[in-house]
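These notes concern the structure reproduced below.
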Amino acid sequence: MAFWKPGTIAPGSVVERDAQNELDSSILTTYNSFSRLSLQDQRQQLPIFANRNHILHLVETKRLLILVGQTGSGKTTQIPQYLHEAGWANAGRIVACTQPRRVAATTVAARVAQEMAVTLGEQVGYSVRFDEKWDPIRTRIKYLTDGMLLREMMVEPLLQQYSVVMVDEAHERSLNTDIVVGLLKKVMRKRQDLRVIVSSATLDAQQFRDFFISGETIAEEETAILTLDGRVFPVDVHFRLEPCSDYLLATVDAVVKIHTLEEVGDILVFLTGREEIERAVELIEQEAKNVRNIPLQLLALPLHGGMSMESQLRVFEPTPRNTRKVVLATNIAEASVTIDGIVYVVDSGFVKLRSYNPQTCTSSLVVHPISKAAAQQRAGRAGRTRAGKCFRLYTEAGYDTLRSTNVPEMQRSDLVPVALQLKALGVWNVLRFEFLSPPPAEMLARAFEILYSLNAVDDYGRLTIPYGMRLAELPIEPMMGAMLFNSVRFQCSEEIITIAAMLSVENIFVTQSGRRKEADFEKRKFSVEEGDHISYLNVYKTFLRQNQSPSFCRKHFLNYKALQKAVSVRNQLLRYIRQFSLSLTSSHDATTIRKCIASAYFSHAAMLQSDGTWRTLRGAGMSPVLHIHPNSVLLKMSPACVVYHEVVETTKSFMRDVTVIEPQWLPELAPHFYTKA
DNA sequence: GAGCACTGC
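Okay, so the first sequence: first residue is 590 according to this note's numbering, each after it adds one.
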């Protein structure tokens, strides 16, 4: 293939896969060359074992250790054990290891408990939302999501119970990881004894060190950067010689070329979204019919977050005989989901990213070029089980123009919840908080204006007690929290908790390509003219009445897993209601429920214009022209006045989760915001 | 008559 310019990357030079994958490679006997060894012998075979004493020495003598960990180095499972063996968990102290994802925290904890031959939940435990197994007295090593560590810090800001905190996957720059890192720097000022380990990728290790040594919190000589070798297979990386004008067609072309020219092995393709993936599947299926001289069948499978769990599971089934599987995936396959047997990766070089515009309170979902770090992560997906190849649909010069690491989530998020959480975590002056990547001061100032309008902070920017503190404690966004508190007054808290839970989960209605009409028909059975919120209430009530039956969901195109999550969220919210001693009352009057929604979402009210679009009532000149989202039950209706949960900008500015209201409610419910004309 | 990347509390 003269088409491709080869450029090998050395074994171990790909960015670390997430902790769960690291674990998979040692659990799955098929691919574990050490499987016949005892667990202790297996531990000593890991590349990291050679560094054990060095790591312990660094933790002993330095206060901050930055680990550049390669794939399969075993750092997530081994380092906490080394620290435990060396006595860092003596005298009632605990070694903590944070993860950005729930599955990683729980599965790694299970593996470590197994290696230490202890019962999970005793010496080794984990803590994630909805699920925890650890013992306040006995637990010595604790794996937790960084979000859970933040919750613990609301109660114990100095983390006195922990001797070492290891922040894993810090290079992903998730919102919570960044907040944890910023807070750890603050804690290190007050606790000389605390040890911090930050695990990251090559490209940003120095940035983490610079962050901690700035402001003389800790001296440079109190820090160390250590690079660990990994256990992965080499991946040949091929660039295009010429840029392509249409990466979708280039994708299909690349898949067909791999299929005809390369030896057996499954293909993983990275694209940006559902629509694109479905088109690519179609095109590949067409092309596959024309390939006649190959004994292998080509099986194209989509993989994206909008699919039901059972459809997603299809990509994990073993590839049938005489078949080559090609999985066309979104970013879900970059870190969250690992597919075995992938030998070839086709990388479009693009990703769909959500970013937030605080001026219009709008989030947009736009296709962006990926970062170099993400490109390496994607390439690494080909080297899991044996040597692989990665075909990049961009030139080497194009690669050089990519930014080195991901845009931190902090830079593209609504800062209202961040500001509220930092206040609740005891950060007195949020504008002076040391962020790893500081957001513009005016964006933080705007966040405080909104917190003030919600009565979460007072004239001086102080958190109100108990209201602001309670809003911060709730695991939902502040405006939704306000709706929850208002529901007590409207005497419909039962229904509002359900609605809040349903708004917290995505993709309640699943759509399978080709069965859209059926799905639409089923959806209409739950739909009411009042709008999406009340329709969700219907879905939830019916789901419970059907005893949370998976087959009921399948029959009616409902997402079983999403609904189960809604049940968990609702139970959690119910616990908060009880904790705050709020009364639980039920209302069968949809008008009351709609008024309650509008009482918190009054700033999200929009009026129908003569041209058939909507505009927000206040600041209409600034607000974009709004449309009802195609997923809304109100799509074909033209309600005169609505409130919406959020606006997402894709091809247009769409209002998602819309409820019909009467315009005269607004001056009654929010007189400070709307004055009667 | 069109659309929705992925996490987390």
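Beta carbons are placed, not taken as given, at the ideal position from N, Cα and C, and that holds for glycine.
Residue range of the alpha helix (DSSP H) that includes residue i
i, result
"M1091", "1082 to 1092"
"W1254", "1254 to 1258"
"P1006", "1004 to 1013"
"H673", "664 to 674"
"Y1125", "1121 to 1134"
"M777", "764 to 779"
"Y1056", "1056 to 1062"
Cα-Cα separation, residue i to residue j
i, j, result
"D929", "A1008", "41 Å"
"A678", "V684", "6 Å"
"L738", "L872", "46 Å"
"T951", "V1236", "5 Å"
"E864", "M1244", "20 Å"
"S789", "E1038", "35 Å"
"D799", "P823", "32 Å"
"V841", "T849", "12 Å"
"I883", "R903", "24 Å"
"G862", "Q781", "47 Å"
"D1246", "Q1135", "24 Å"
"A1071", "N1148", "28 Å"
"R967", "V697", "22 Å"
"E876", "E852", "18 Å"
"P832", "I959", "15 Å"
"Y620", "V1117", "In this prediction, Y620 has a pLDDT of 43, which is less than 50 and means its spatial position is unreliable; nothing more can be read from the coordinates."
"K1184", "I921", "38 Å"
"T919", "Q1253", "44 Å"
"H646", "Q631", "23 Å"
"A706", "M743", "33 Å"
Nearest neighbour of residue i, chosen from the options [CA to CA]
i, options, result
"V1272", "G819, H760, H1193", "It is not possible to answer for residue 1272, since the shown part of the chain is limited to 590 through 1266."
"P1267", "M1244, A1194, T990", "Summary: the structure shown does not reach residue 1267, with the chain confined to residues 590 through 1266, and so no result is reported for it."
"Y1041", "L1025, S662, L991, P1006", "P1006"
"G819", "K1154, R762, T791", "T791"
"Q901", "T666, L1206, T1100", "T1100"
"S1172", "E1083, A699, A794, R729", "E1083"
"T1131", "F1115, Y836, K1225, K1144", "F1115"
"L1092", "L1206, T766, I1123, E1119", "I1123"
"F828", "E1119, V935, L885", "V935"
Simplified DSSP state of residue i, which is helix, strand or coil
i, result
"T618", "Because T618 sits at a pLDDT of 33, beneath the cut-off of 50, its placement in the model cannot be relied upon, and the following sentence gives the value as read from the coordinates. Correct three-state label for T618: helix."
"T734", "strand"
"N1148", "coil"
"G658", "strand"
"Y945", "strand"
"V707", "coil"
"R1270", "Outside the modelled stretch of the chain, which goes from 590 to 1266, sits residue 1270, for which no answer is possible."
"A889", "strand"
"H827", "strand"
"E611", "Here the model assigns E611 a pLDDT of 45, short of 50, so the residue's position is not dependable and the matter cannot be decided."
"K1225", "coil"
"M1068", "helix"
"K1114", "helix"
"H1216", "strand"
"A790", "coil"
"A1194", "strand"
"Y1263", "coil"
"K1184", "helix"
"E721", "strand"
"K651", "coil"
"T728", "coil"
"D1178", "coil"
"R881", "coil"
Element boundaries [beta strand (DSSP E), containing residue i]
i, result
"Y933", "931 to 936"
"Y715", "713 to 717"
"T974", "Counting along the chain, T974 falls outside any beta strand (DSSP E), and DSSP gives it neither H nor E."
"D818", "No beta strand (DSSP E) contains D818, which DSSP labels as neither H nor E."
"C833", "Segment: none, C833 is in no beta strand (DSSP E) and carries neither H nor E."
"P958", "951 to 958"
"Y1233", "1230 to 1238"
"I856", "855 to 859"
"R1204", "1203 to 1205"
"D1246", "1242 to 1249"
Any non-hydrogen atom of the ligand SAH within 6 Å of residue i CB
i, result
"K722", "You won't find the ligand SAH in this model; it holds no ligand whatsoever."
With a threshold of 8 Å, are at least 3 pairs of Cβ atoms found where one atom belongs to the segment 1179 to 1192 and the other to the segment 1224 to 1235?
The segment 1179 to 1192 and the segment 1224 to 1235 touch, with no fewer than 3 CB-CB distances between them shorter than 8 Å.
Could you check whether the segment 1043 to 1055 touches the segment 1074 to 1088, counting it as contact only if at least three pairs of C-beta atoms, one from each stretch, sit closer than 8 Å?
Cβ pair count under 8 Å is below three, so no.
With a cut-off of 8 Å, do at least 3 Cβ pairs link the segment 882 to 898 to the segment 909 to 920?
With a cut-off of 8 Å, the segment 909 to 920 and the segment 882 to 898 count as touching, because enough Cβ pairs lie within range.
Is the segment 629 to 641 in contact with the segment 659 to 675, if contact means three or more CB pairs nearer than 8 Å?
The segment 629 to 641 vs the segment 659 to 675: in contact.
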